[in-house]
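Student:
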Amino acid sequence: MAAVRKTDLGGQARLSGKHAMDTHPGSGNNMTKIVLAGLSSALFTSVAFGQSFRLSDLGSWSADAYPYDMNDQGDIVGFMKGSFPGDHAFRYSGGSMQDLSTYGITDAVARGINKDGTVVGYAASSSLRGFILTDQGVEWLDSEDREYIPEAINDAGAVVGSLRLRDSSVEHSFIYMDGQTQTISIGGYSRPWDINESGQFVGDSDGRPFFYDGSTVTFLGSASIHQGAAYAVNDLGQTVGYWLDSRSGNFRAFLYSDGTFSDIGSFSSNYAVARDINNAGWVIGESSYISKGQRAFLYKDSQMLDLNGMVDDTGTGYTLTYALAVNNQNQITAMGTLPSGEWRIVLLTPNAPVPEPGVLVGLATGAILLIRRVRSN
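Laid out in structure tokens, this is it:
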């Protein structure tokens, strides 16, 4: 994604090549120092960061904005507030923000985006109206007797969300594609939150997380769960969300995979919510510490990691509190605050991976042989 990148705070001060040090290139002692310095740097980076990210600030406009979804191209959608009346849906693409009110979509929220840049959401000028925005224009989902609330769209163009009859407050799940709407009987009040490429979708029904495989509804977790939601599902059917632990009174993050419902843990406060999962199994969300409050997390390889410790110097001064979307390029959309307290939407993009330990062992062996050769000369 050609995102607006935050200035590399140390970039202009870095020196390389002949300007790195005032030394004769043929000096054996200096060559030894150079080799050791490079090796130490590689080893330190591996230990300190593992996987690291660079941070791109989407701009001052995002101070009053909230992101909901991101596609594999790094395009982001959500809504923003401001001096103008009502909420404005936005699409961030190619390094610039687009206010969707230019398409006549006013007082609106953009909830999902697919690989083609098709955006779904809803507007609430007088009553709720669902919309689908393509490069051909806006398609409105509404009728005289019902309201549509689209929540997500997959790359095939299948849209899921909830609908309700105008004379009723009960919401039912629906799937819409190619001009056809199908109502899905989940039971009670239900709302889908995400859909994968197989058409499986997840959500909550009367406060219980559910997984729908196209024919069967599976309620996730124990029957004692009465508050929770499944927020995201990847193409393997792995599902994440949250549930309320009635014993502690805390929200807990879960991962549902291969028929197993697992609590993925938390930081020290015992609070966590999982927001999204990609096809690599990366789970993102937020958790809290007793001492320093809420922080954004990445859960991978059975470990919950604080994203604040995984950003390079482009993240200096930012405190990341929410991670809201992760795509299959391992980019993460997050929200954080500046020292002034101002909110920002940021995009975290993975840096080149650090070599595996075996590679570093090989590097160390080669460096030792090189040092011996230099000294022998």
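Under this note's numbering, the residue at position 219 of the sequence shown is numbered 234, and the numbers go up by one with no gaps.
Backbone N, C-alpha and C define an ideal beta-carbon position, used for all residues, glycine too.
#1: Between Phe92 and Arg106, how many whole angstroms is the CB-CB distance? I'm expecting something under 8 Å.
#2: Could you tell me if Val185 is buried or exposed, where buried requires 16 or more neighbouring beta carbons within 10 angstroms of its beta carbon?
#3: Check whether the region 266-282 touches the region 301-315, counting contact only when three or more Cβ pairs, one atom from each stretch, lie closer than 8 Å.
#4: What's the gap between the Cα of Asp90 and the Cα of Tyr246?
#5: How long is the line joining the alpha carbons of Asp182 and Ile240, rounded to whole angstroms?
#6: Does Ser77 pass the burial test, meaning 16 or more other C-beta atoms within 10 Å, or should it be called exposed?
#7: Quick check on DSSP: helix, strand or coil for Gly136?
#8: Would you say the beta carbon of Asp221 comes nearer than 7 Å to a heavy atom of the ligand SAH?
#9: Pick out whichever of Leu322, Ser200, Tyr227, Phe146 has its Cα sitting closest to the Cα of Asn249.
#10: If you reduce the DSSP assignment to three classes, tell me which class Tyr314 lands in.
#11: Going by the DSSP bridge assignment, what does Gln197 pair with across the sheet?
#12: Give a yes or no on whether 8 Å exceeds the smallest Cβ distance from Asp84 to chain B.
#13: Tell me the start and end of each unbroken beta strand (DSSP E) in the region 90-160 that is at least 3 residues and wholly inside, in chain order.
#14: Among Thr117, Gly109, Val124, which one has its Cα closest to the Cα of Gly101?
#15: Taking only the alpha-carbon atoms, compute the straight-line gap between Ala340 and Leu180 and give it to the nearest angstrom.
#16: Under a Cβ-count criterion, where at least 16 other Cβ atoms within 10 Å of its own Cβ denotes burial, should Leu353 be classed as buried or exposed?
#17: Counting Cβ pairs closer than 8 Å, one from the region 110-123 and one from the region 148-162, do we hit at least three?
#18: Identify, in the order they occur along the chain, each residue of the same chain with its Cβ nearer than 6 Å to the Cβ of Tyr333, setting aside the five sequence neighbours on each side.
#19: Around the C-beta of Gly218, are 16 or more other C-beta atoms found within 10 angstroms, so that it is buried, or is it exposed?
#20: Is it true that the CB of Ala167 sits closer than 8 Å to the CB of Ile201?
#21: Looking only at C-alpha atoms, which of Ser141, Thr331, Gly172, Pro207 sits nearest to Gly194?
#22: Could you check which residue in Glu212, Gly229, Ala238 has the C-alpha nearest to that of Gly222?
Tutor: Taking the geometry as given:
#1: The count along the sequence shown starts at 1 and reaches residue 92 at position 77. The count along the sequence shown starts at 1 and reaches residue 106 at position 91. Before going on, a small fix: residue 92 reads as Val here, not Phe. About 5 Å; that satisfies the 8 Å criterion.
#2: By one-based count along the sequence shown, residue 185 stands at place 170. Exposed, because fewer than 16 other Cβ atoms sit within 10 Å of the Cβ of Val185.
#3: yes
#4: As a working mapping, residue 90 is identified with position 75 in the sequence shown. As a working mapping, residue 246 is identified with position 231 in the sequence shown. One Cα belongs to Asp90, the other to Tyr246, and the distance between them is close to 19 Å.
#5: The residue you call residue 182 lines up with position 167 of the sequence shown. The residue you call residue 240 lines up with position 225 of the sequence shown. Each residue's alpha carbon lies about 30 Å from the other.
#6: One-based indexing of the sequence shown puts residue 77 at position 62. That one is buried.
#7: Within the sequence shown, residue 136 is the residue found at index 121, counting from 1. In this structure, Gly136 counts as strand in the three-state DSSP scheme.
#8: This structure lacks the ligand SAH; in fact it carries no ligand of any kind.
#9: Reading the sequence shown from its first residue, position 234 is the one you call residue 249. Among Leu322, Ser200, Tyr227, Phe146, the Cα nearest to that of Asn249 belongs to Tyr227.
#10: Counting from 1 along the sequence shown, the entry for residue 314 is found at position 299. In this structure, Tyr314 counts as strand in the three-state DSSP scheme.
#11: Here residue 197 is taken as the residue at index 182 of the sequence shown, counted from 1. Looking at the DSSP assignment, Gln197 forms a beta bridge with Ile190.
#12: You won't find chain B in this structure, because it holds only one protein chain.
#13: 91-95, 103-108, 111-114, 123-128, 134-138, 144-149, 152-156
#14: Counting from 1 along the sequence shown, the entry for residue 101 is found at position 86. Nearest option by C-alpha distance: Val124.
#15: Counting from 1 along the sequence shown, the entry for residue 340 is found at position 325. Counting from 1 along the sequence shown, the entry for residue 180 is found at position 165. Distance between the alpha carbons of Ala340 and Leu180 is about 31 Å.
#16: Counted from its first residue, the sequence shown places residue 353 at position 338. Leu353 should be labelled exposed.
#17: yes
#18: Your numbering for residue 333 matches position 318 in the sequence shown. So the qualifying residues of the chain are Gly351.
#19: As a position in the sequence shown, residue 218 is number 203, starting the count at 1. Gly218 comes out buried.
#20: Counted from its first residue, the sequence shown places residue 201 at position 186. Counted from its first residue, the sequence shown places residue 167 at position 152. Contact flag unset, no.
#21: As a first step, residue 194 must be located in the sequence shown, where it is residue number 179. Comparing Cα positions, the closest option is Gly172.
#22: Within the sequence shown, residue 222 is the residue found at index 207, counting from 1. Residue Ala238 is the option with its Cα nearest to Gly222.
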